[in-house]
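Undergrad: Residue numbers (UniProt numbering): 1 to 500.
Built from N, CA and C at the ideal position, the CB exists for glycine as well.
All of these numbers come straight from a predicted model, not from anything done at the bench.
Here it is, the structure, as structure tokens.
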């Protein structure tokens, strides 16, 4: 068995996706067909199952106001940025373009794409110069070309790459760009350059480029600013990427990100490899310490509060994550300064569950008629002993939306549930890659992307023909893996959004 291709995954999702009402009908029919209440074992346990779903009350949180060149309010989780400039447009003075599909993408076609991108970028407020160089090569060799670009243009900010349809060029581009020359890269499929909707594609590409070269696309407006923003606060996200089932070779990759400004819009990142399928982040103390130092360098303040959104932790691991990771975060603070004890809020984000929310009235939004963005439930289906809530922060486009489940494992900031929920919903509106709210808070999303990028760095090493294995374990030294995977404060790229 092997991993499904991107096209196969897309087809599978499309074929299994059902609109909310269709899915609800299917669930009801299945429950009635099973007729579990007549099962002898169920009767012996005096256990019954309702034949209809539970009716509960929820609430819809108001969308936070955002600021670009002007203030705007998202509607149903979406906002229009076409006639607006970025909040902080970054200049792009030094960049090159590499076309690895010269037979499919002619120079004239590529030039038209670039001219349109430069024009739109300037409309968004970015001062974009024309690229130093546009190369066309059928035989992709980023290992040689990128080093030459960096040598010729020492202040190089960006390498834009038109990818071939097949091959491993993407991973090679990212490894050389991120790790060897520390210059952000932006990859574009050849089909996107030829697309009739390429203006929309350019708009999305510019969102990524502006974030990658140090700009800020949008922020939470002062009027909607969460209460925790009144004092210096560092918002963190953490995730661990594990190898796929059956892979006994590849180590897990942990990533931790943290906000570096008062708007929680810019982030620094730390990436490490660790033992195969280990969920607890082994270097959490050093990673947190580096991020605290970076925060102080960027803001000249020590955070008085830290809010962590931790992705990927199951309920059985809650005690362990507090005793290991929260303890490590505390140790990072006191090692920097003995009496430094900022308030810490530790929230686990879960997406892998089977709870679905359906509209009881005809108030679903979008073509799929899912619950509206901001729908929040914190009673009836939540724990009587824990502080937890469900939130659907995004507009479902296809199928039935899956709400995120949040567990507040620790909070010595004494924040109310309303304040935590509003903070969480606001953080779902800062994802720089699109002009829509996303399903989990931005720092959790960024840590997921950064951990996946770390996997790209080490994948070839772990699965090369020369890799020796003993009893199914990798015989690769930690120093080799660390050199390939590690991103830390001393790396120039650590404070750039290279992973978006």
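Under 9 Å between the Cβ atoms of residue 245 and residue 495?
TA: Counting from 1 along the chain shown, the entry for residue 245 is found at position 245. Counting from 1 along the chain shown, the entry for residue 495 is found at position 495. Their beta carbons are not under 9 Å apart, which means residue 245 does not touch residue 495 by this criterion.
Undergrad: Among the candidates 406, 374, 398 and 394, whose CA atom is the shortest distance from the CA of residue 383?
TA: Looking up residue 383 in the chain shown gives position 383. When only C-alpha atoms are compared, the closest one is 406.
Undergrad: Is the region 436-444 close to the region 153-163, with three or more CB pairs under 8 Å?
TA: Touching, no.
Undergrad: Locate the alpha helix (DSSP H) running through residue 210, then write down its first and last residues.
TA: Residue 210 sits at position 210 when you count from the first residue of the chain shown. Segment 198-212, the alpha helix (DSSP H) holding residue 210.
Undergrad: Helix or strand or just coil, what does DSSP make of residue 143?
TA: Working through the chain shown from its first residue, we reach residue 143 at position 143. DSSP places residue 143 in helix when its eight states are reduced to three.
Undergrad: Give the DSSP-derived three-state secondary structure of residue 390 in the structure shown.
TA: As a working note, residue 390 is residue 390 in the chain shown. Residue 390: strand per DSSP, three-state reduction.
Undergrad: Which first and last residues belong to the beta strand (DSSP E) in which residue 187 is found?
TA: Numbered from its first residue, the chain shown carries residue 187 at position 187. It spans 184-189 - the beta strand (DSSP E) in which residue 187 sits, taken as one unbroken run.
Undergrad: Can you give me the C-alpha to C-alpha distance between residue 462 and residue 482, rounded to a whole angstrom?
TA: The residue you call residue 462 lines up with position 462 of the chain shown. The residue you call residue 482 lines up with position 482 of the chain shown. Those two C-alpha atoms are separated by around 13 Å.
Undergrad: For residue 175, which three-state DSSP category applies?
TA: The count along the chain shown starts at 1 and reaches residue 175 at position 175. Three-state DSSP puts residue 175 in a helix.
Undergrad: Based on the DSSP output, what are the partners of residue 237 in its beta bridges?
TA: The residue given as residue 237 occupies position 237 in the chain shown. 257 and 309, per the DSSP bridge assignment.
Undergrad: Looking at residue 77: is its Cβ nearer than 9 Å to the Cβ of residue 377?
TA: As a position in the chain shown, residue 77 is number 77, starting the count at 1. As a position in the chain shown, residue 377 is number 377, starting the count at 1. No; because the gap between Cβ atoms is not below 9 Å, this pair is not in contact.
Undergrad: Just to confirm, is the Cβ distance from residue 413 to residue 357 under 9 Å?
TA: On the chain shown, residue 413 is found 413 positions in, with the first residue counted as 1. On the chain shown, residue 357 is found 357 positions in, with the first residue counted as 1. No, the pair does not count as a contact, with Cβ atoms beyond the cut-off.
Undergrad: How would you label residue 314, buried or exposed, when you count the other beta carbons within 10 angstroms and need 16 or more for buried?
TA: Here residue 314 is taken as the residue at index 314 of the chain shown, counted from 1. Exposed, since its Cβ has fewer than 16 Cβ neighbours within 10 Å.
Undergrad: At the level of alpha carbons, what is the spacing between residue 224 and residue 65?
TA: By one-based count along the chain shown, residue 224 stands at place 224. By one-based count along the chain shown, residue 65 stands at place 65. Going from the Cα of residue 224 to the Cα of residue 65 covers about 6 Å.
Undergrad: Could you tell me how far apart the beta carbons of residue 210 and residue 126 are, in whole angstroms, since I believe they sit closer than 8 Å?
TA: Residue mapping note: residue 210 aligns to position 210 of the chain shown, counting from 1. Residue mapping note: residue 126 aligns to position 126 of the chain shown, counting from 1. About 6 Å; that satisfies the 8 Å criterion.
Undergrad: When burial is assigned at 16 or more other CB atoms within 10 Å of the CB, is residue 266 buried or exposed?
TA: Start at 1 with the first residue of the chain shown, and residue 266 comes out as number 266. By the neighbour-count rule (16 or more Cβ atoms within 10 Å), residue 266 is buried.
Undergrad: Cα-Cα, which of 62, 292 and 135 is closest to residue 425?
TA: Sequence index remark: in the chain shown, residue 425 carries index 425 (1-based). Residue 425 has its Cα closest to that of 62, out of 62, 292 and 135.
Undergrad: Pick from 171, 97, 411 and 476: whose alpha carbon is nearest that of residue 452?
TA: Residue numbering aside, residue 452 sits at position 452 when the chain shown is read from its first letter. Among 171, 97, 411 and 476, the Cα nearest to that of residue 452 belongs to 171.
Undergrad: Who does residue 60 pair with in a DSSP beta bridge?
TA: Stepping through the chain shown from its first residue, residue 60 is reached at position 60. 375, per the DSSP bridge assignment.
Undergrad: Go to residue 159, then tell me how far its beta strand (DSSP E) extends in each direction, as first and last residue.
TA: Start at 1 with the first residue of the chain shown, and residue 159 comes out as number 159. Element bounds for residue 159: 158-163.
Undergrad: What residue range does the beta strand (DSSP E) around residue 405 cover?
TA: Counting from 1 along the chain shown, the entry for residue 405 is found at position 405. Per DSSP, residue 405 belongs to the beta strand (DSSP E) from 404-411.
Undergrad: If distances are taken between C-alpha atoms only, which option among 446, 27, 476 and 145 comes closest to residue 460?
TA: As a first step, residue 460 is located in the chain shown; it is residue number 460 there, counting from the start. Comparing Cα positions, the closest option is 476.
Undergrad: If you follow the beta strand (DSSP E) that residue 346 is part of, which residue opens it and which one closes it?
TA: Walking along the chain shown from the start, residue 346 turns up at place 346. 343-350 is the extent of the beta strand (DSSP E) around residue 346.
Undergrad: Is the Cβ-Cβ distance between residue 19 and residue 81 less than 9 Å?
TA: By 1-based counting over the chain shown, the position of residue 19 is 19. By 1-based counting over the chain shown, the position of residue 81 is 81. Not closer than 9 Å, so no.
Undergrad: The alpha helix (DSSP H) with residue 123 in it runs from where to where?
TA: By one-based count along the chain shown, residue 123 stands at place 123. Run containing residue 123: 107-123, per the alpha helix (DSSP H) assignment.
Undergrad: From 98, 374 and 331, pick the residue whose C-alpha is nearest to that of residue 169; which is it?
TA: One-based indexing of the chain shown puts residue 169 at position 169. Nearest C-alpha to residue 169: 98.
Undergrad: How long is the line joining the alpha carbons of residue 490 and residue 331, rounded to whole angstroms?
TA: The residue labelled residue 490 in the question sits at position 490 within the chain shown. The residue labelled residue 331 in the question sits at position 331 within the chain shown. Looking at the two C-alpha atoms, the distance is approximately 21 Å.
Undergrad: Tell me the residue span of the beta strand (DSSP E) that contains residue 270.
TA: For the purposes of this step, residue 270 is taken as residue 270 along the chain shown, with counting starting at 1. Counting along the chain, the beta strand (DSSP E) containing residue 270 begins and ends at 267-274.
Undergrad: Expressed to the nearest angstrom, what Euclidean distance is found between the alpha-carbon atoms of residue 116 and residue 323?
TA: For the purposes of this step, residue 116 is taken as residue 116 along the chain shown, with counting starting at 1. For the purposes of this step, residue 323 is taken as residue 323 along the chain shown, with counting starting at 1. Computed Cα separation, rounded: 53 Å.
Undergrad: Would you tell me roughly how many angstroms separate the C-alpha atoms of residue 488 and residue 380, rounded to the nearest one?
TA: Within the chain shown, numbered from 1, the residue matching residue 488 stands at position 488. Within the chain shown, numbered from 1, the residue matching residue 380 stands at position 380. In a straight line, the C-alpha of residue 488 is about 43 Å away from that of residue 380.
Undergrad: Considering only residues of the same chain and omitting the five flanking positions on each side of residue 129, which have a CB-CB separation below 7 Å?
TA: Here residue 129 refers to the residue found at position 129 when the chain shown is read from its first residue. 92 and 93.
Undergrad: Bridge partners of residue 71, per DSSP?
TA: For the purposes of this step, residue 71 is taken as residue 71 along the chain shown, with counting starting at 1. Note: residue 71 sits in a beta bridge opposite 67.
Undergrad: Just verifying my parser: in three-state terms, what is the DSSP assignment at residue 515?
TA: There is simply no residue 515 to check, as the chain begins at 1 and stops at 500 in what is shown.
Undergrad: Report buried or exposed for residue 292, applying the criterion of at least 16 other Cβ atoms within 10 angstroms of its Cβ.
TA: Here residue 292 is taken as the residue at index 292 of the chain shown, counted from 1. Label assigned to residue 292: buried.
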